[in-house]
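**Student:** Residue 86 in our numbering sits at position 87 of the sequence shown, with consecutive numbering throughout. Backbone N, C-alpha and C define an ideal beta-carbon position, used for all residues, glycine too. Source: prediction; values computed, not measured. Structure provided below as structure tokens; questions to follow.
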Amino acid sequence: MLREKMVALMSQVNAQVAERAQLIRYIAIALLTRKNLFILGGTGQAKSYAVDLFRERIRGTRQFKYTLSKGTDEEQLFGRLDLGSLIPGGVPASVLEDDPSYQRLYQDARISHQNYESAPGEKNYQSFLEAASRLEKYRQAMGQAGHGRPSILTEGKIPESHIIFLDEVFKANDGLLNALLTALNEREYTNEGVTRKIPAVSFFAASNEIPNFSDPAESILRPLYDRFELKVITQYVQDRDTRLAMLAKKQRGTRDAAVSAITLEELQEMQRKVAAVTVPAAVNEVMDDILCELRRKGIHVSDRKYFGFTPIVQAQAWLEGRTEVQVSDLLVLGAYLWTTPEELPQIEQILKSICENPLKERIDSLRAMALESYEAFQQDHGTAGVKAIRKFREELLTIYQQFLAIRGEARTDADSRDLEELLSLLEEKNRGASDTVGFTYVPLPEMAQLPG
Numbered sequence: 000m001l002r003e004k005m006v007a008l009m010s011q012v013n014a015q016v017a018e019r020a021q022l023i024r025y026i027a028i029a030l031l032t033r034k035n036l037f038i039l040g041g042t043g044q045a046k047s048y049a050v051d052l053f054r055e056r057i058r059g060t061r062q063f064k065y066t067l068s069k070g071t072d073e074e075q076l077f078g079r080l081d082l083g084s085l086i087p088g089g090v091p092a093s094v095l096e097d098d099p100s101y102q103r104l105y106q107d108a109r110i111s112h113q114n115y116e117s118a119p120g121e122k123n124y125q126s127f128l129e130a131a132s133r134l135e136k137y138r139q140a141m142g143q144a145g146h147g148r149p150s151i152l153t154e155g156k157i158p159e160s161h162i163i164f165l166d167e168v169f170k171a172n173d174g175l176l177n178a179l180l181t182a183l184n185e186r187e188y189t190n191e192g193v194t195r196k197i198p199a200v201s202f203f204a205a206s207n208e209i210p211n212f213s214d215p216a217e218s219i220l221r222p223l224y225d226r227f228e229l230k231v232i233t234q235y236v237q238d239r240d241t242r243l244a245m246l247a248k249k250q251r252g253t254r255d256a257a258v259s260a261i262t263l264e265e266l267q268e269m270q271r272k273v274a275a276v277t278v279p280a281a282v283n284e285v286m287d288d289i290l291c292e293l294r295r296k297g298i299h300v301s302d303r304k305y306f307g308f309t310p311i312v313q314a315q316a317w318l319e320g321r322t323e324v325q326v327s328d329l330l331v332l333g334a335y336l337w338t339t340p341e342e343l344p345q346i347e348q349i350l351k352s353i354c355e356n357p358l359k360e361r362i363d364s365l366r367a368m369a370l371e372s373y374e375a376f377q378q379d380h381g382t383a384g385v386k387a388i389r390k391f392r393e394e395l396l397t398i399y400q401q402f403l404a405i406r407g408e409a410r411t412d413a414d415s416r417d418l419e420e421l422l423s424l425l426e427e428k429n430r431g432a433s434d435t436v437g438f439t440y441v442p443l444p445e446m447a448q449l450p451g
């Protein structure tokens with residue numbers, strides 16, 4: 000039921016925008032995993048519109064949206080100092096609002112004042128003065144008891160919000176960075192020595208450019224950029240028929256009649272269900288293969304990023320209606336693994352090649368190892384003699400043991416066919432090396448049983 004509600008919400012937002020299905024899926028994944036999402040794209044690509052359509056359908060949440068500029072200060076995002084709290088003996092309005100005794104006395108004074116206004120007279124006047132005096136004395140006592148510390152008025156700002164959208168995020172100035180970094184990472188805000196938790200589910204941000212981090216003036220924005228675990232690139236609408244259909248819809252002024260929505264409580268329950276999705280060991284092994292291949296191709300993936308991929312694939316599996324992650328769910332990590340836009344096509348190609356046929360990459364690697372070992376044997380056997388064949392057989396047995404380890408993971412006919420071809424290659428090179436030096440050919444299964 001909960002999954003169907005989220006899918007319905009995604010579908011309805013998709014109907015209002017063109018070619019934004021990927022972005023909308025990642026908005027959902029961000030909310031389901033409490034991750035932060037950054038959107039890179041040109042002006043007029045409906046980046047903000049898509050986020051706004053989605054977040055306005057999360058009922059019961061306090062939301063904050065702001066377009067940053069170099070002149071944006073901390074007060075505009077996090078709240079301003081309550082000047083009344085600086086007066087000696089003063090008590091911040093937020094403290095008075097949270098104090099039940101003060102609120103009770105305040106209501107007594109208010110009712111007494113209303114009684115006097117409706118029926119002026121000495122009795123009602125004295126009653127009002129006594130109620131007002133009790134209220135003021137209690138407030139003074141609170142101030143003397145140490146409640147008069149500096150306070151920040153945060154109503155309607157980031158510290159009290161569940162969903163935050165910051166447009167033109169990289170226009171944040173130096174004075175904002177520390178507060179933003181702590182809010183994005185620790186979900187905390189500190190001011191006047193007081194730290195408070197921020198109830199934020201997710202931060203969303205957008206920009207039409209990424210800072211030049213090699214420029215010292217812009218390099219200070221790198222930590223802010225890194226705080227957004229998910230990153231999506233948008234383009235202008237590519238398909239002509241889609242453009243025309245959306246144009247006609249806007250010209251008619253039509254809107255969806257039914258509005259799908261979920262509550263904050265439902266979203267929190269969805270998050271719990273996502274966290275309960277299991278991740279098999281085989282999926283982790285494929286993820287490790289992906290990591291090694293990315294690093295081999297020169298694409299930097301930190302250990303922190305590697306160890307943190309789980310919630311994203313859990314959310315993807317849950318959205319697909321499954322309680323266990325499949326290898327194909329790793330394809331969603333394209334938005335998680337890239338740092339620069341130039342890396343994204345190569346990352347997506349690696350994910351596709353490994354996840355659509357997860358054994359192929361490992362089979363190809365074993366094939367390459369066998370060919371390299373055989374080539375080395377051919378070069379060495381003339382001078383090394385027996386040592387060369389022994390070394391080759393040891394290496395071939397190691398490759399064979401790895402072949403046996405992955406053979407049980409075959410899931411498709413293509414996997415089985417590739418494995419059989421690999422085994423044939425191993426035996427072919429085994430026989431060829433034996434014939435070259437005049438040794439008796441021993442098949443690999445038998446060779447594996449021989450004592451070391």
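Tell me whether the beta-carbon of Q313 lies closer than 8 Å to the beta-carbon of V273.
**Tutor:** yes
**Student:** Rounded to whole angstroms, how far is the Cβ of I232 from the Cβ of L39, which I believe are closer than 8 Å?
**Tutor:** 5 Å
**Student:** Taking 8 Å as the threshold (C-beta atoms), are L180 and L223 in contact?
**Tutor:** For the 8 Å CB-CB criterion, L223 and L180 form a contact.
**Student:** Could you check if M269 is buried or exposed, using at least 16 other CB atoms within 10 Å of its CB as the buried criterion?
**Tutor:** buried
**Student:** At a cut of 8 Å, does the stretch 60-74 reach the stretch 165-185 through at least three beta carbon pairs?
**Tutor:** yes
**Student:** Are T66 and D166 touching if we call contact CB-CB under 8 Å?
**Tutor:** yes
**Student:** Looking at C-beta atoms only, is the number of pairs between the stretch 185-205 and the stretch 3-18 that lie closer than 8 Å three or more?
**Tutor:** Contact between the stretch 185-205 and the stretch 3-18 is absent, because fewer than three Cβ pairs lie under 8 Å.
**Student:** Please go through the same chain and pick out, in chain order, the residues whose beta-carbon is closer than 6 Å to the beta-carbon of I289, but skip the five residues on each side of it.
**Tutor:** The answer, listed in chain order, is I353.
**Student:** Of the choices Q377, Q21, S132 and T189, whose alpha-carbon is the least far from that of P431?
**Tutor:** Reading off the sequence, residue 431 comes out as Gly, not Pro. G431 has its Cα closest to that of Q377, out of Q377, Q21, S132 and T189.
**Student:** By a C-beta neighbour count over all protein chains shown, 10 Å radius and 16 as the cutoff for buried, is Q315 buried or exposed?
**Tutor:** buried
**Student:** Taking the C-alpha atoms as reference points, what is the distance between L329 and Q106?
**Tutor:** In a straight line, the C-alpha of L329 is about 58 Å away from that of Q106.
**Student:** For I162, which residues from the same chain have a beta carbon less than 7 Å from its beta carbon, with the 5 sequence-adjacent residues on both sides left out?
**Tutor:** R54, I57, T60, Q62, V200 and S201
**Student:** For a test of the three-state rule: what should DSSP assign to R361, helix, strand or coil?
**Tutor:** If DSSP states are grouped into helix, strand and coil, R361 belongs with the helices.
**Student:** Using a Cβ-Cβ cutoff of less than 8 Å, which residues in the same chain neighbour E208 once the five nearest sequence positions on both sides are dropped?
**Tutor:** Cβ neighbours of E208 beyond the five flanking positions: L39 and F169.
**Student:** Which two residues bound the contiguous beta strand (DSSP E) that contains T194?
**Tutor:** V193 to K196
**Student:** Give the list of continuous beta strand (DSSP E) stretches no shorter than 3 residues that lie fully inside the stretch 157-213.
**Tutor:** Taking only runs of at least 3 residues, the beta strand (DSSP E) segments lying wholly in the stretch 157-213 are 162-166, 187-190, 193-196 and 201-206.
**Student:** Check for me: the beta strand (DSSP E) holding I38 runs from which residue to which?
**Tutor:** L36 to L39
**Student:** Answer with buried or exposed for E393, where buried requires no fewer than 16 other C-beta atoms within 10 angstroms of its C-beta.
**Tutor:** exposed
**Student:** By how many angstroms is the C-alpha of R294 removed from the C-alpha of D379?
**Tutor:** 32 Å
**Student:** Going by beta carbon distance, what residues of the same chain come within less than 6 Å of A260, once the five residues before and after it are set aside?
**Tutor:** R56 and R58
**Student:** Indicate the three-state DSSP secondary structure (helix, strand or coil) for R251 in the structure shown.
**Tutor:** helix
**Student:** Which full runs of the alpha helix (DSSP H) of 4+ residues lie inside the stretch 283-351, going along the chain?
**Tutor:** 302-306, 309-318 and 333-336
**Student:** Tell me the residue span of the beta strand (DSSP E) that contains Y65.
**Tutor:** Q62 to T66
**Student:** Give the range of the alpha helix (DSSP H) segment to which L449 is assigned.
**Tutor:** Unbroken run through L449: none, as it is neither H nor E.
**Student:** Here's the rule I'm using: 16 or more other beta-carbon atoms within 10 Å means buried, otherwise exposed. How should P158 be labelled?
**Tutor:** buried
**Student:** By the three-class DSSP mapping on this structure, what secondary structure does L425 have?
**Tutor:** DSSP places L425 in helix when its eight states are reduced to three.
**Student:** Return yes when the Cβ of G333 is within less than 8 Å of the Cβ of L318, no when it is not.
**Tutor:** no
**Student:** Since V236 is in the beta strand (DSSP E), which residue starts that stretch and which ends it?
**Tutor:** Segment: none, V236 is in no beta strand (DSSP E) and carries neither H nor E.
**Student:** Assuming A108 and A92 are in contact, meaning their beta carbons sit under 8 Å apart, how far apart are those beta carbons, in whole angstroms?
**Tutor:** With a Cβ gap of about 16 Å, A108 and A92 do not count as contacting.
**Student:** Between A17 and T32, what straight-line distance do the alpha-carbon atoms span, to the nearest angstrom?
**Tutor:** 25 Å
**Student:** Counting Cβ pairs, one atom from each stretch, are 3 or more of them under 8 Å apart for the stretch 363-376 and the stretch 418-433?
**Tutor:** yes
**Student:** Hey, T90 and F164 are a contact pair by Cβ (cut 8 Å); roughly how many whole angstroms apart?
**Tutor:** This sequence places Val at residue 90; Thr is not what is there. At roughly 34 Å, the Cβ-Cβ gap does not stay under 8 Å, so V90 and F164 are not in contact.
**Student:** Does the distance from the C-beta atom of D287 to that of L358 stay below 8 Å?
**Tutor:** No, the pair does not count as a contact, with Cβ atoms beyond the cut-off.
**Student:** Out of curiosity, what's the CA-to-CA distance linking R186 and N35?
**Tutor:** Approximately 11 Å between the Cα atoms of the pair.
**Student:** Which residue comes first and which comes last in the alpha helix (DSSP H) that contains A108?
**Tutor:** P99 to S117
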